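For reference, the structure is listed below as structure tokens.
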Amino acid sequence: MTPELPDGVERRPFDERERLATRGDPVYGEPTDGDWRVWDAGRSKLGAMLSVGMDTGLDGGETVLYLGAASGTTVSHVADFAGPTYAVEFAPRPTRDLLPVAEARENLFPLLKDARKPETYAHVVEPVDVLVQDVATRGQAEVANRNRQFLREDGRLLAVVKARSEDVTADPEDVFDEFLDALSGYEVLETATLDPYHEDHLAVVARPTR
Amino acid sequence: MSDTEDAWFAGLAPDDIEEATARVRDGTGDTPREWPTLAVEAGYATDTDDYYQRLHEATLAATRGAVREAETADDRQLVHAVRSMDDTERVANELAERLSEWAGTRFEDAGTGVDAARPLAERDPTGPAEARIVSLARRVVDLTDERDDLRAFVERTAPDVAPNLSAMAGPVLAARLVALAGGLEPLAKKPSGTVQVLGAEDALFAHLRGRASSPKHGVIYVHDYVRNTDPDERGSAARALAGKLSIAARVDHYSGDLRPELQSDLDDRIATIRARTGDPAPGAGGPEGTPEPGGDDA
Numbered sequence: 001m002t003p004e005l006p007d008g009v010e011r012r013p014f015d016e017r018e019r020l021a022t023r024g025d026p027v028y029g030e031p032t033d034g035d036w037r038v039w040d041a042g043r044s045k046l047g048a049m050l051s052v053g054m055d056t057g058l059d060g061g062e063t064v065l066y067l068g069a070a071s072g073t074t075v076s077h078v079a080d081f082a083g084p085t086y087a088v089e090f091a092p093r094p095t096r097d098l099l100p101v102a103e104a105r106e107n108l109f110p111l112l113k114d115a116r117k118p119e120t121y122a123h124v125v126e127p128v129d130v131l132v133q134d135v136a137t138r139g140q141a142e143v144a145n146r147n148r149q150f151l152r153e154d155g156r157l158l159a160v161v162k163a164r165s166e167d168v169t170a171d172p173e174d175v176f177d178e179f180l181d182a183l184s185g186y187e188v189l190e191t192a193t194l195d196p197y198h199e200d201h202l203a204v205v206a207r208p209t210r
Numbered sequence: 001m002s003d004t005e006d007a008w009f010a011g012l013a014p015d016d017i018e019e020a021t022a023r024v025r026d027g028t029g030d031t032p033r034e035w036p037t038l039a040v041e042a043g044y045a046t047d048t049d050d051y052y053q054r055l056h057e058a059t060l061a062a063t064r065g066a067v068r069e070a071e072t073a074d075d076r077q078l079v080h081a082v083r084s085m086d087d088t089e090r091v092a093n094e095l096a097e098r099l100s101e102w103a104g105t106r107f108e109d110a111g112t113g114v115d116a117a118r119p120l121a122e123r124d125p126t127g128p129a130e131a132r133i134v135s136l137a138r139r140v141v142d143l144t145d146e147r148d149d150l151r152a153f154v155e156r157t158a159p160d161v162a163p164n165l166s167a168m169a170g171p172v173l174a175a176r177l178v179a180l181a182g183g184l185e186p187l188a189k190k191p192s193g194t195v196q197v198l199g200a201e202d203a204l205f206a207h208l209r210g211r212a213s214s215p216k217h218g219v220i221y222v223h224d225y226v227r228n229t230d231p232d233e234r235g236s237a238a239r240a241l242a243g244k245l246s247i248a249a250r251v252d253h254y255s256g257d258l259r260p261e262l263q264s265d266l267d268d269r270i271a272t273i274r275a276r277t278g279d280p281a282p283g284a285g286g287p288e289g290t291p292e293p294g295g296d297d298a
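So, in structure tokens, the structure goes:
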């Protein structure tokens with residue numbers, strides 16, 4: 001059975017096709033219908049996770065820490081259905097585009113910080129229900145491990161592992177296995193590849209163990 | 001109160017936006033805590049809604065300031081300038097090709113290339129088609145002039161941003177290396193083997209996938225020490241040059257003082273490499289370490 005979508009996310013018809021949508025200010029030229037705007041699974045890995053039917057545990061209204069927010073394509077949808085949403089991004093250029101997205105959403109807090117250094121934002125970010133991780137850097141498991149401190153006991157890690165960020169030459173399967181081995185303090189609940197939306201990406205749902 | 005010691009709002013007057021912004025940006029904390037409720041308890045906010053409103057304002061201001069500072073840094077400006085220089089040159093060449101195709105149908109003496117655009121731009125057109133040709137020629141001339149102005153800007157700016165790197169590589173190649181790395185700091189952090197093949201990414205990935213031999217050089221090919229070294233020794237020359245360029249970039253990023261001995265070390269090393277094939281010693285035929293101008297890099 002496909003898990004239910006979080007409150008605030010719906011499958012709605014756009015051009016006779018059922019597509020994920022949230023309600024909020026349009027951000028990247030996506031099709032809109034009244035207040036609703038398409039959440040393009042081809043451009044958003046979290047959108048793809050919901051599209052392929054993973055059990056993300058998202059209900060809507062959660063407190064979220066989003067690592068690797070980039071220009072805000074995905075995090076804008078998250079802020080549409082979630083509660084307080086902290087968006088961490090390391091690169092200045094995409095963060096420039098994230099700013100107007102955050103301006104239009106009072107529950108979205110942009111932070112130009114390095115996700116490998118949680119101590120640089122632990123004075124701002126509160127404990128969260130959901131840790132979303134989509135960082136294109138080496139050592140993606142280490143990023144998840146270091147940021148585990150932000151997760152509440154019953155929280156969820158929703159991570160997307162990009163094989164090419166670790167090693168362009170390695171077999172993606174090996175990279176995914178290494179990521180899961182290196183993940184520490186988490187119990188993995190579900191994994192899935194994001195084909196056909198995103199090649200060489202593994203999506204992981206995990207919860208913290210204490 | 002020890003719970004809130006690390007908080008960005010600790011001891012802050014609720015109306016002190018400036019300090020709040022600075023704290024968000026530069027503060028640190030050991031452990032995340034329930035900041036919204038703690039802020040209300042500490043009297044910083046009247047309720048959690050009020051807290052989130054203050055947080056929104058402070059994070060937006062802090063991040064806007066940090067982005068602006070990062071993007072207006074001199075090395076970022078240099079990166080934009082050298083990329084614009086290459087773009088204007090590429091577009092000018094494309095338009096010049098189109099122009100000569102068209103102009104050749106109306107003017108017998110129309111030449112080819114961007115240089116041919118200048119006399120065309122001065123002509124008195126007769127008829128609407130010629131008016132378009134002459135106007136197009138003016139755009140090519142303007143673009144070429146802009147390319148030259150951008151180049152002059154790069155040549156002026158690069159030595160300020162990266163003095164040692166610019167002295168050794170020439171300002172334009174220095175700017176290209178900074179651009180390919182994404183800034184002076186990332187360039188300073190790259191191993192010299194990476195600097196050696198910056199700009200040859202396609203060849204490098206083909207090699208890593210096992211389909212080709214490893215590239216010997218990327219954009220540093222335009223440097224006299226690589227291009228004018230015998231092909232048999234070019235790999236060694238590229239390795240030696242990249243090694244010194246990396247050191248130069250590190251000195252420029254971390255200390256900024258001038259180290260002329262880097263250049264003489266490199267000169268000695270290249271002389272040794274070239275001696276293997278009986279090439280002339282470096283510096284014999286022109287200014288040392290200065291690549292020839294031109295956009296002929298990869």
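Each protein sequence line maps, in turn, to chains F and Z.
With UniProt numbering, the residue at position 111 of the first sequence is 111, and numbering never jumps.
With UniProt numbering, the residue at position 278 of the second sequence is 278, and numbering never jumps.
Using N, Cα and C, we set each Cβ at its ideal position, and we do this for glycine too.
Note that this is a predicted model, so its numbers are computed, not measured.
Here Z/VAL226 is buried: its Cβ has 16 or more other Cβ atoms, across all protein chains shown, within 10 Å. DSSP places F/TYR86 in no alpha helix (DSSP H) but in the uninterrupted beta strand (DSSP E) bounded by 85–89. Positions of the beta strand (DSSP E) runs, each at least 3 residues long and wholly inside the segment 42–128 of chain F, are given as 64–67, 85–89 and 108–112 in order along the chain.
Secondary structure of Z/GLU185 (DSSP, three-state): helix. Partner residues in the beta bridge of F/VAL204, as assigned by DSSP, are F/ALA159 and F/THR191. Residues of chain Z with a Cβ closer than 7 angstroms to the Cβ of F/ALA203 do not exist; the shortest Cβ-Cβ separation is about 25 angstroms. Contact note: Z/PHE153 does not reach chain F at a C-beta cutoff of 7 angstroms; the least C-beta distance is about 21 angstroms. The beta carbon of F/GLY83 sits closer than 7 angstroms to those of GLY61, GLU62, THR63 and ASN107, all from its chain and outside the five residues before and after it, given in chain order.
Of the candidates Z/SER255, Z/ARG123, Z/ALA179 and Z/ALA237, the residue whose Cα lies closest to the Cα of Z/THR272 is Z/ALA237. Counting the other Cβ atoms within 10 Å of the Cβ of F/GLY53 gives fewer than 16, which makes it exposed. Across the set Z/ASP149, Z/ARG23, Z/ILE133 and Z/ALA179, the C-alpha of Z/ARG23 shows the shortest separation from the C-alpha of Z/GLU57. Within the segment 85–114 of chain Z, contact with chain F at the beta-carbon level (separation under 8 angstroms) is assigned to no residue. Assignment of F/THR22 by DSSP, reduced to helix, strand and coil, places it in the strand class. Straight-line measurement puts the Cα of F/GLU190 at about 40 angstroms from the Cα of Z/ARG68. In terms of beta-carbon proximity, Z/THR21 stays away from the interface with chain F, with every pair separated by 8 angstroms or more. A distance below 6 angstroms between beta-carbons, with the five flanking residues on each side excluded, links F/ASP134 to the following residues of its chain, in chain order: LYS45, GLY68 and VAL160.
Listed in chain order, the alpha helix (DSSP H) runs fully inside the UniProt domain "Nop" (161–275) of chain Z are 163–169, 171–181, 184–189, 192–197, 201–208, 224–227, 234–254 and 260–275, counting runs of at least 4 residues. For Z/TRP35, the three-state secondary structure derived from DSSP is helix. Spanning the alpha carbons of Z/ARG118 and Z/ASP148 requires a straight line of approximately 15 angstroms. Between the alpha carbons of F/ARG19 and F/GLU10 lies a gap of roughly 8 angstroms. Short of 8 angstroms from the beta carbon of Z/ARG106, and not among the five residues preceding or following it, lie these beta carbons of its own chain, in chain order: ALA129, GLU130 and ILE133.
In the assembly as shown, Z/PRO215 is a buried residue. Its beta-carbon has 16 or more other beta-carbons within 10 Å. In summary, the residues of the segment 40–52 of chain Z whose CB is separated from some CB of chain F by less than 7 angstroms are TYR52, in the order they occur in the chain. Contact holds between the segment 72–91 of chain F and the segment 23–39 of chain F, because three or more Cβ pairs, one in each stretch, are under 8 angstroms apart. Under the Cβ distance rule, F/LEU67 does not count among the residues neighbouring chain Z, no pair being separated by less than 8 angstroms.
If you check the CB distance, Z/LEU208 and F/THR137 do not come in under 8 angstroms. For Z/VAL197, not one C-beta of chain F is nearer than 8 angstroms to its own C-beta. For Z/ARG83, the closest Cβ of chain F is not nearer than 8 angstroms. Residue range 9–14 is occupied by the beta strand (DSSP E) that includes F/PRO13, with no alpha helix (DSSP H) assigned at that position.
When the Cα atoms are used, Z/GLU155 and F/MET49 turn out to be separated by approximately 49 angstroms. For Z/THR112 against Z/SER100, the beta-carbon gap comes to about 4 angstroms, under 8 angstroms, which counts as contact. At least 8 angstroms separates the CB of Z/PRO159 from every CB of chain F. Residues are counted here when their Cβ sits less than 7 angstroms from a Cβ of chain Z; for the segment 125–147 of chain F these are VAL125, GLU126 and PRO127, given in chain order.
For Z/HIS56, the chain F residues whose C-beta falls within less than 7 angstroms of its own C-beta are GLU106 and PHE109, listed in chain order. Going by beta carbons, Z/PRO14 and Z/TYR51 fall outside the 8 angstroms limit. Distance from the CA atom of Z/LEU60 to the CA atom of Z/ALA240, rounded to whole angstroms, is 46 angstroms.
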